[in-house]
Amino acid sequence: MGKLIVWAMVVGLSVIGPSTAGSQDGLRLTGSGATFPFPLYSSWFKSFSAKQKTVSVDYQGKGSGAGIQDLVNRTVDFAASDAAMTDEDMSKVPGGVQLLPMTGGEIVLAYNLPGNPKNLRLPRDVYAGIFLGKVTKWSDARLKAANPGVNLPDQDITVVRRADSSGTTFVFTSHLSAISEEWKKGPGAGTTVAWPKSDKFVASPKNDGVTATIKQTPGAIGYIEYSFAKFAKVEMAALQNKAGQYVAAGGEGGSAALGSVVLPPNLRAWVSDPEAATAYPIATYTWMMFYKENKDPKKAAALRAMVEYCLTDGQKASAAMGYVPLPENVVAAVRKASASIR
Amino acid sequence: MIHLGAVARPASVSKPPTQWDYLADRSFRAAAEGAVWLIVLLLSYLLWSIGAKAWLGMREHGLGFLTSTTWDVGRQQFGILPHIWGTLYSSLLALAIGGFFGVVMAIFLTQDFLPPRMAQVFRLIVELLAAIPSVVYGLWGLFVVIPAMRPVADVLAAHLGFIPFFGTTLSGPGLAPASLVLAIMILPTVAAVSQDALRLVPYKVKEAAYGMGTTRWEAILKVMVPAASTGIFGALVLGFGRALGETMALAMLIGNSNQISLSLFSPANTLAALLALNFPEAGPREVQVLMYAALVLLAITLVVNVAGEAIMSRSARRAGRR
């Protein structure tokens, strides 16, 4: 029964299909992993395959965990993950793994309030309190103080969270752990965590499930990827960052957040609480993972060309699709690191 | 008595079975027997393969897995009591609603309340409900049932909040909308099997009841329904089994919150939803406990079905003795 469900989910999730039909003797690159950047990646690979003509790229969005498994089992040419890859997992791949951050994303707090007030300001302690189940009313004094002139109803706050285990939850809970000691000691950070037990906490599957539940529930708040909130047209809060400024998602704040951390040599870094005054507080990189030693040098060259395409033309497309383009210095670092795909 | 006369040619009517007849008969018998054994084999293989994957999880977490209420992957603490509770609670509620309407519908459609053609149309419509995909039910619940239920739930919670069943307001997804949608999903199963059971009672039984001077309702409730009770009970067991295993609609509607509450409006969780939502991203250690949870779900369904069978055969024996 369990296996059946897994299969149903895999089939349901993945949109499989060759990007170009006319490359019979060309190279076929296959990848799998994260669902969050799937819309962006599939558009990248489609235009890359069209441009290259001899190379086609197939990407399956099965989830970050599944992508890592596939890479370890050598069933793909590359994988993608929102949670990068642990040293333990990387050590299972002989020859080594090259992690490359390819794009960034922001996680927003979307809400549903009567009158649809825009860019509600949420102080740090308040939104941590909401997800801890401590702040339970929209008419909370601290919320009112931060939003003068906004008519906040005397309504219960319904928190909507992800029901499935997800990279989105990991990034969001890492941020909460960074800003709230109580969160760190309580639920902590993870792809699924033990949420406070309350009848005002509900969970829905996937980003779209959470988005739909927020839209259907007056007084709801939940965390979703910016691109989903943007296309579903739900209201998003302006969050108070470490410097005390209120920043809305979707502007320069994401790039400022990503640029505020210095990437280590393995290019794996978390932006759990950016310091820059203009930074949006909850942003993350998402990675592609490559074998450092590929059996076929032609394949390695094609993979390098693919990375180069994503770093140049690809970055121009990301902002319009709701992702955060990589800062210039990161592009340079990734380009340099991609040379180790052999 | 009708005499066949010239048509009857005894020699061609009865002749000893040929070698070929024997062979066909034997091979059909063997194939049928093989198919039966294959089912037994399939079930044991299913149990064995899930059990083998769950074994490590079972050894590590033991029976505490069934009574603990925390599901925290980060701290490697796993417990499925809230899921067991939610599975049984939502299924029982769905059975109460869906079972009542399903049986009533079966009585209405089989006991000459409608002209036969009309009854046929209604029957078809009820059976069409079974063809709607689970996801569609889930979306319908999310966009129609929950908004419609919210004002009613709020009034109940405000005025009858002292009754534990109405203890909380409905924040969105929760037990009540999930159970209601689940009831609609099991309705066609219950209605179809109950109709079959009622139709199997010979019509002359009813005529005999009328002959004894019963009213129409006495004939239905005291003669027809008791005569079909074994089949109707089977329908309920089938419906309950279906409710226990339903996944997608519930994952969308129940709220997936690991808590045990009597309140109909609070979010809950079920085993099937837990499995569906956690498998895709599960690490190897989590897969073991999820397999354990799958085994528990399988055990619950088996126990329900076996208990149903036992009750049915007991009531059949008692009916035979009467």
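The listed protein sequences derive, respectively, from chains A and B. In this text, residue positions in the first sequence follow the working numbering: the first is 220, and each later residue adds one. In this text, residue positions in the second sequence follow the working numbering: the first is 73, and each later residue adds one. Built from N, CA and C at the ideal position, the CB exists for glycine as well.
**Message:** Taking its Cβ as the centre, do 16 or more other Cβ atoms sit within 10 Å of residue 385/B, making it buried, or is it exposed?
**Reply:** In summary, residue 385/B is exposed, with fewer than 16 beta-carbon neighbours lying within 10 Å of its beta-carbon over all protein chains present.
**Item:** Cutoff 8 Å: residue 318/B Cβ touching any chain A Cβ
**Value:** With 8 Å as the cut-off, residue 318/B does not count as an interface residue toward chain A.
**Request:** Determine the DSSP secondary structure at residue 421/A, reduced to helix, strand or coil.
**Result:** Strand.
**Prompt:** By how many angstroms is the C-alpha of residue 317/A removed from the C-alpha of residue 544/A?
**Reply:** One C-alpha to the other measures close to 20 Å.
**Request:** Identify whether residue 242/A lies in helix, strand or coil by the three-state DSSP scheme.
**Result:** At residue 242/A, the pLDDT of 41 sits below 50, so the modelled position is not reliable and the matter cannot be decided from this model.
**Endpoints, alpha helix (DSSP H) assigned at residue 258/B** = Note, residue 258/B: alpha helix (DSSP H), 247 to 272.
**Request:** Kindly list, in the order they appear in chain C, the residues whose Cβ is closer than 9 Å to that of residue 409/A.
**Result:** Absent from the structure is chain C; the protein chains it does hold are A and B.
**Message:** Using 8 Å as the threshold, is the C-beta distance between residue 559/A and residue 511/A below it?
**Reply:** Yes. Within cutoff.
**Prompt:** Name the chain B residues whose beta carbon is nearer than 9 Å to that of residue 431/A?
**Reply:** Going along chain B in sequence order, the residues near residue 431/A (Cβ under 9 Å) are 211, 214, 215 and 324.
**Message:** So for residue 320/A, helix, strand or coil by DSSP?
**Reply:** DSSP places residue 320/A in the strand class (E or B) of the three-state scheme.
**Message:** Assuming residue 350/A is part of the alpha helix (DSSP H), what are its boundary residues?
**Reply:** Taken as a continuous stretch (DSSP letters only), the alpha helix (DSSP H) holding residue 350/A covers 343 to 350.
**Asked** From what residue to what residue does the alpha helix (DSSP H) around residue 343/B run?
**Response** Counting along the chain, the alpha helix (DSSP H) containing residue 343/B begins and ends at 343 to 350.
**Item:** Coil, strand or helix - residue 379/B by DSSP
**Value:** DSSP places residue 379/B in helix when its eight states are reduced to three.
**Asked** Does residue 365/A come within less than 8 Å of chain B when only Cβ atoms are used?
**Response** Taking a beta-carbon distance threshold of 8 Å, residue 365/A does not count as an interface residue toward chain B.
**Message:** Applying the 10 Å Cβ sphere with the 16-neighbour rule, what's the burial state of residue 192/B?
**Reply:** Residue 192/B is exposed by the Cβ-count criterion.
**Message:** Please identify the residue among 454/A, 253/A and 361/A whose C-alpha is closest to the C-alpha of residue 469/A.
**Reply:** The residue with the shortest Cα to Cα distance from residue 469/A is 454/A.
**Item:** Environment of residue 341/A [buried if 16+ CB atoms lie within 10 Å]
**Value:** Burial check for residue 341/A: the Cβ neighbour count within 10 Å reaches 16 or more, so the residue is buried.
**Per DSSP, cross-strand counterpart(s) of residue 506/A** = Under DSSP, residue 506/A takes part in a beta bridge, and its partners are 300/A and 320/A.
**Beta-carbon proximity of residue 259/B to residue 322/B, cut-off 8 Å** = A distance of 8 Å or more separates the beta carbons of residue 259/B and residue 322/B.
**Prompt:** Got a sec: is the Cβ-Cβ distance from residue 354/B to anything in chain A below 8 Å?
**Reply:** Closer than 8 Å to some Cβ of chain A, the Cβ of residue 354/B qualifies, so yes.
**Prompt:** On the three-pair Cβ rule with 8 Å, is the region 518 to 537 of chain A touching the region 271 to 280 of chain A?
**Reply:** The region 271 to 280 of chain A and the region 518 to 537 of chain A touch, with three or more beta-carbon pairs separated by less than 8 Å.
**Paired residues, beta bridge with residue 277/A - DSSP** = Note: residue 277/A sits in a beta bridge opposite 249/A.
**Request:** Return the Cβ separation of residue 263/B and residue 177/B in integer angstroms, given the expectation that the two are a contact with Cβ distance under 8 Å.
**Result:** Contact holds; Cβ gap of about 5 Å.
**Item:** Assigned secondary structure, residue 375/A (DSSP; H/G/I helix, E/B strand, else coil)
**Value:** It is a strand residue.
**Contact belief for residue 379/B with residue 302/B at Cβ below 8 Å, rounded distance in angstroms** = Not quite, the Cβ-Cβ distance comes to about 15 Å (not below 8 Å), so this is no contact.
**Message:** Below 9 Å on C-beta distance, what does residue 241/B contact in chain A?
**Reply:** What residue 241/B touches in chain A: 375, 418 and 419.
**Message:** What would DSSP say about residue 88/B, mapped onto helix, strand or coil?
**Reply:** In this structure, residue 88/B counts as coil in the three-state DSSP scheme.
**Message:** Is there a C-beta anywhere in chain B that falls below 8 Å from the one on residue 372/A?
**Reply:** Cβ-Cβ to chain B under 8 Å: no for residue 372/A.
**Request:** State whether the region 356 to 367 of chain A contacts the region 399 to 416 of chain A, with contact taken as three or more CB pairs (one from each stretch) at a distance under 8 Å.
**Result:** In this structure the region 356 to 367 of chain A does not touch the region 399 to 416 of chain A; the number of beta carbon pairs closer than 8 Å is below three.
**Message:** Short of 8 Å in beta carbon distance, which residues of its chain neighbour residue 287/A, apart from the five on each side in sequence? Order them along the chain.
**Reply:** Closer than 8 Å at the Cβ level, and outside the excluded window around residue 287/A, lie 252, 298, 300, 304, 308 and 508.
**Prompt:** Just checking my contact of residue 383/A with residue 353/B at CB under 8 Å: how many whole Å lie between their CB atoms?
**Reply:** About 7 Å separates the beta carbons of residue 383/A and residue 353/B, which is inside the 8 Å limit, making them a contact pair.
**Asked** What whole-angstrom Cβ distance do residue 257/A and residue 280/A have, given they're in contact under 8 Å?
**Response** With a Cβ gap of about 4 Å, residue 257/A and residue 280/A count as contacting.
**Item:** Continuous beta strand (DSSP E) stretch holding residue 439/A: start and end
**Value:** DSSP places residue 439/A inside the beta strand (DSSP E), whose first and last residues are 439 to 444.
**Asked** Hey, which unbroken runs of the alpha helix (DSSP H) at 4 residues or more fall wholly within the region 188 to 239 of chain B?
**Response** Listed in chain order, the complete alpha helix (DSSP H) runs (minimum 4 residues) inside the region 188 to 239 of chain B are 188 to 200, 206 to 212 and 218 to 231.
**Message:** Would residue 436/A pass as an interface residue toward chain B - the criterion being a Cβ-Cβ separation below 8 Å?
**Reply:** At a cut-off of 8 Å between beta carbons, residue 436/A contacts chain B.
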